[in-house]
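In what follows, a structure is listed as structure tokens, so that the remarks can point back to it.
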Amino acid sequence: MQDALPPKLVCKGLNVSVRQELSRLWPRPLGANRRMITIRGVHKDFSIDGAKVTALSPTDLDVRRGEFVSIIGPSGCGKSTLLRILAGLETASGGSIDVDDGDRARQRVGFVFQEPVLLPWLSALENVRFPLDTARVARTEADSRALDLLKLVGLTGFEAALPRALSGGMRQRVSIARALSYDPSLLLMDEPFGALDLITRDRLNDELLSIWSQTKKTILFVTHSVEEAAYLSDRVVVMSPRPGRIKTVYDVNLPRPRGERTKLDPAFHQLMADLRRDLQ
Ligand SMILES: Nc1ncnc2c1ncn2[C@@H]1O[C@H](COP(=O)(O)OP(=O)(O)OP(=O)(O)O)[C@@H](O)[C@H]1O
Ligand SMILES: [Mg+2]
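Going by the working numbering, the sequence shown opens with residue 135, and the numbers climb by one from there.
Okay, here's the thing in structure tokens:
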């Protein structure tokens, strides 16, 4: 299921909901040259006490290079399972995934979890540097990259701080910097701001968009917030209740850069209403 419309049906004046309805009715795979992730028929069954539990029904999805795609759906519909399969943390029961990052020698995927999983005895700088140390990157180069990343996430001056001396939002920024440390082309984020208060979340959303535009990463972002999904994304994937499958893919045709004006845009509110209705 994808966003592209048959060419003759694309016309500028169509309102957002009509375009989305058309794209739902006439899905078409993205052109191969624009695709970075190609997911075909990926599904996952768990076995619990001998009983089969389907966590994810067969799923098809294409993601473009440099695209920001959010996944939203009810609890238990398989969002984390899909991300974990993409990251290689879980094995799919079937189907295929192709991630084309043009450079197979490099680590491909960075993962940011809901809770910042930092090593409590290491400083912010050492936490960010940790994957580089593990990969035996020379100390000077690793330090310089970690310092740049801490600057990118707005933590200059906190290099020596231990995680317990940082706020929740700051810890999550360290996790983002760490996930970016080995320069992955794909960043997977599983409700990264879900545990934060709304003001911090709003701020981090803007920071994430700035990081995304500077680094040109492809981002797959799981959230429970329709506002966050609509604000951040190029496309929003809505999943159905458990066992999850992709129900609808929405194009987000809101201008970039996003900001306060986005939040006043009637199309933004229409999209949130459409997403809420779809999720019910
Ligand atoms: N390791 C596991 N063993 C057994 N069942 C699992 C395992 N991991 C996930 N599941 C089941 O798979 C289903 C999908 O789980 P998943 O964590 O992907 O959902 P989710 O969409 O991320 O939910 P949430 O929004 O609550 O995070 C759930 O029913 C869950 O119980
Ligand atoms: Mg989850």
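Every residue gets a Cβ at the ideal spot worked out from N, C-alpha and C, and that includes glycine.
Computed from a prediction, not measured in an experiment: that's the story for all the values here.
According to the DSSP secondary-structure assignment, Tyr365 is paired through a beta bridge with no residue. With a threshold of 7 Å, the Cβ atom of Val203 does not count as near ligand 1, since no heavy atom of the ligand is closer than that.
In the three-state reduction of the DSSP assignment, Asp179 falls in the strand class. Cβ atoms of Val372 and Ile231 stay farther apart than 8 Å, at about 20 Å.
Contact between Ala258 and Leu284 is confirmed by a C-beta separation of about 6 Å, below the 8 Å threshold. Residue pairing by DSSP places Arg174 opposite Ser230 in a beta bridge. Close CB contacts of Pro208 within its chain, under the 6 Å cut and outside five residues either way in sequence, are with Pro375 (chain order). Under the rule that a run must span 3 or more residues, the beta strand (DSSP E) segments found entirely inside the region 249 to 325 read 320 to 324. Asp340: member of the alpha helix (DSSP H) spanning Leu332 to Thr349, first to last residue. Annotation: Gly328 to Arg392 spans about 20 Å, alpha carbon to alpha carbon.
Taking the CA atoms as reference points, Gly291 sits about 28 Å from Glu394. For the pair Glu260 and Val271, the Cα-to-Cα distance works out to about 13 Å. Between the region 187 to 200 and the region 167 to 178, the count of Cβ pairs shorter than 8 Å is three or higher; the stretches touch. A Cβ-Cβ contact shorter than 8 Å links Ser315 with Pro265.
Judged by beta-carbon spacing, Leu366 lies within the 8 Å limit of Leu343, meaning their Cβ atoms are closer than that value. Contact between the region 216 to 233 and the region 334 to 343 is not established, with fewer than three Cβ pairs separated by less than 8 Å. If you draw a straight line from the Cα of Leu223 to the Cα of Thr396, it comes to about 36 Å.
Contact residues of ligand 2 (beta-carbon closer than 7 Å to any heavy atom; chain order) are Lys213, Ser214, Asp324, Glu325 and Val356.
Runs of the beta strand (DSSP E) spanning 3 or more residues and lying entirely within the region 366 to 407 occur at 369 to 373 and 380 to 385, in chain order. The C-alpha of Leu252 lies about 37 Å from the C-alpha of Leu398. Remark: C-beta atoms of Lys381 and Asp408 do not approach each other more closely than 8 Å. If you look at Arg242, you'll find it isn't in any beta strand (DSSP E); DSSP assigns it neither H nor E.
In the three-state scheme derived from DSSP, where H, G and I count as helix and E and B as strand, Ser214 is classed as helix. In the structure shown, Ala189 falls within a strand segment according to DSSP collapsed to helix, strand and coil.
A direct Cα-Cα distance of roughly 42 Å separates Trp255 from Val383. Taken through DSSP and simplified to helix, strand or coil, Arg198 comes out as strand.
In this structure, DSSP gives Leu223 a state outside helix and strand, which the three-state scheme calls coil.
Leaving aside the five residues that flank Leu195 on each side, the residues in its chain whose CB is nearer than 6 Å to its CB run, in chain order, Ile173.
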